[in-house]
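First up is the structure itself, then whatever we jot down about it.
Residue numbers (the numbering used here): 8 to 678.
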């Protein structure tokens, strides 16, 4: 066995581990590296694995450590982590040929499992390279001690991949996408980046230092102006003096859905499509006055986009603009709920609002006055506000620090409205979005997270109020990067982020095109499923449904299998005729048929030789010698000397010539 056959497998494991290292605990990543390198060195220089006793002890310690660290949780994340551990332990057990095959298959499986967590074009390419290295190592392991076997193994592996490509493409396009019968949680409690279902001072400020994409949006018509890109996620309507959370009376009522067979064709002018990044929650994002246009989402009467399951993988869904309906009336219970405040808190703010109510006439006038107050007084919009303490946070903001981020001002405005007996609630989501390449789509990032207020006005319903627009209007029109330009705090925690240097021409050009490549990869390759598949195939002649798609797929697979078998048989036949021994054997069989010996191609060489000897006794020595050479060439080629083919040809020529001359003898008999 080639002593270097494990080298490609070590590199393959390194690539796979690199793709998963961000989610793995440090002890597991380092331990896996140590075990794999140790197993590789033992095989390369000592040709054996770890002794069974020590391997058993190490396995027990590793399993116990794993159980304690993950506290017995069972998710796809923990299962994949455990698979990394078992693969690393298997490297220490290598000793027999069977172990090589087991290691090959479980590393291939580990590479595929990695796609559950990374589906970008870059990581998919890296995992394909790891599979190529695994096949190359397998070719080297089976090839023996052959000089230059590494290059030959890579050539053979590349040929296998090229042959598989047409089959993979056909299956990818036509194979029906069937939804899962059940699911398990993809991630553990380590969580994912994104909005929380609560809000307190500093909650959104922390997201402002994160440039991960939250979602991307493609519009069928014109892209809304920046000031209209309020992407609503959650309605927070209960306040405990510091924190807002979601305890709505009507959170689960008024569910709106579309039929399961809703089309996924071209976007209409009044539609837009959201590609949502995984965030582990059950909500999505939408603009105001939107309704679902996809069967995968629902909308409750608070305007929240909801999913049946947590968003653990990327989701695509469509929304459609709809003219707002006439505002319904708030019930008395709802009015009390949306004006409720904890007692004994923020007394200075309450007193100030009461004074303003006496000075202005009507609710709308009071709302305008409160909004103008944020614009006229020296409030400051900053990513680094002074701490407000744990009590009377609104008083501290309004009368002392006067600096904060969007959540500080939204919380203060909602408190003041409620203290004026105006129903109010907090809405969290995202504001804005950056245009992608050629303005084909919008990229909304985590630092676009935002909070604003909705106030209830008779005859108008819930009306959006954003105090940030009064303090930092540049945040609304130009985004957070421009708003923080003077302060210099934008992405200060991530000095290597390309988004931090978007004002550098070539950096901006590169980052937008990298994002576009990944976006279209996710949209047309990773997201190619369900209605998207039917929509694409629906452009073909005929009525394509799931049943017809299954028939087409089965037919194409059958044709590909038949074509593969036919090509293999044809190549085998051609290979036989290129081999000089097979050509000589073909001459021998045709001579037997012409002479009427009764022994055809289906007979063994022994039967053929016996039949020829009975038919031509005088040629028996030459016939017997030729049979020995043919049998040795076919069944024991290692014992065939270079001159054997020339002797066999002389014997064949002598047999044919002496038969035609009617003479006998054994002048050409092999030694």
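A virtual CB, placed ideally from N, CA and C, is assigned to each residue, including glycine.
Report yes if the CB atom of residue i is closer than 7 Å to the CB atom of residue j, and no otherwise.
| i | j | result |
| --- | --- | --- |
| residue 1 | residue 329 | Residue 1 is absent from the model: the chain starts at 8 and stops at 678. |
| residue 135 | residue 19 | no |
| residue 47 | residue 17 | yes |
| residue 332 | residue 416 | no |
| residue 594 | residue 659 | yes |
| residue 604 | residue 622 | yes |
| residue 435 | residue 240 | yes |
| residue 247 | residue 285 | no |
| residue 707 | residue 504 | No answer is possible for residue 707: the residues shown for the chain start at 8 and end at 678. |
| residue 313 | residue 288 | no |
| residue 438 | residue 237 | yes |
| residue 653 | residue 629 | no |
| residue 627 | residue 620 | yes |
Can you list, in chain order, the residues of its chain whose CB lies under 6 Å from that of residue i, leaving out five sequence neighbours each side?
| i | result |
| --- | --- |
| residue 225 | 280, 448 |
| residue 251 | 206, 243, 433 |
| residue 163 | 146 |
| residue 588 | 640 |
| residue 401 | 353, 356, 419, 422 |
| residue 606 | 599, 614, 615, 618 |
| residue 245 | 252, 254 |
| residue 57 | 99 |
| residue 155 | Low confidence applies to residue 155: its pLDDT is 49, below 50, so where it sits in the model is not reliable enough to give any reading. |
| residue 468 | 334 |
| residue 672 | With a pLDDT of 42 at residue 672, under the threshold of 50, the predicted position of this residue should be treated as unreliable, and no value is reported. |
Under three-state DSSP, which class holds residue i?
| i | result |
| --- | --- |
| residue 449 | strand |
| residue 180 | helix |
| residue 427 | coil |
| residue 108 | helix |
| residue 312 | strand |
| residue 71 | helix |
| residue 220 | strand |
| residue 123 | coil |
| residue 12 | coil |
| residue 249 | coil |
| residue 299 | strand |
| residue 240 | strand |
| residue 155 | For residue 155, the pLDDT reaches just 49, beneath the cut-off of 50, and the residue's location in the model is therefore unreliable, leaving the point undetermined. |
| residue 358 | helix |
| residue 289 | coil |
| residue 405 | helix |
| residue 565 | helix |
| residue 203 | coil |
| residue 226 | strand |
| residue 535 | coil |
| residue 273 | coil |
| residue 442 | strand |
| residue 163 | helix |
| residue 507 | helix |
| residue 470 | strand |
| residue 58 | coil |
| residue 663 | helix |
| residue 305 | strand |
| residue 486 | coil |
Give me, in chain order, the residues of the same chain whose beta-carbon lies closer than 7 Å to that of residue i; leave out the 5 immediate sequence neighbours on both sides.
| i | result |
| --- | --- |
| residue 31 | 88, 91 |
| residue 342 | 430 |
| residue 442 | 449 |
| residue 196 | At residue 196 the pLDDT is 44, less than 50, meaning the model places this residue with poor confidence; the figure from the coordinates comes in the next sentence. Hits under 7 Å: none found. |
| residue 515 | 509 |
| residue 385 | 409 |
For the alpha helix (DSSP H) containing residue i, list its first residue and its last residue.
| i | result |
| --- | --- |
| residue 528 | 512-528 |
| residue 376 | 370-383 |
| residue 616 | 612-622 |
| residue 635 | 627-642 |
| residue 597 | 587-601 |
| residue 323 | Here residue 323 belongs to no alpha helix (DSSP H); instead the beta strand (DSSP E) covers 322-328. |
For the beta strand (DSSP E) that contains residue i, what are its first and last residues?
| i | result |
| --- | --- |
| residue 461 | 456-464 |
| residue 283 | 278-283 |
Within its chain, find whatever has a CB closer than 8 Å to the CB of residue i; leave out the 5 residues flanking it on each side and keep chain order.
| i | result |
| --- | --- |
| residue 129 | 525 |
| residue 44 | 17 |
Taking 6 Å as the cut-off, does the CB of residue i come closer than this to any heavy atom belonging to the ligand FMN?
| i | result |
| --- | --- |
| residue 325 | The ligand FMN is not part of this structure, which contains no ligands at all. |
Spell out a yes or no on whether the region 452-470 and the region 387-397 are touching, meaning 3 or more CB-CB pairs, one atom from each, closer than 8 Å.
-> no
Three or more beta-carbon pairs under 8 Å between the region 20-32 and the region 113-123, yes or no?
-> The region 20-32, when compared against the region 113-123, does touch it at the 8 Å Cβ threshold.
On the three-pair Cβ rule with 8 Å, is the region 350-362 touching the region 383-392?
-> no
Sufficient close CB pairs (3 or more, under 8 Å) joining the region 423-437 to the region 366-374 = yes
Would the region 165-183 and the region 43-62 be scored as touching if the rule is three or more Cβ pairs under 8 Å?
-> no
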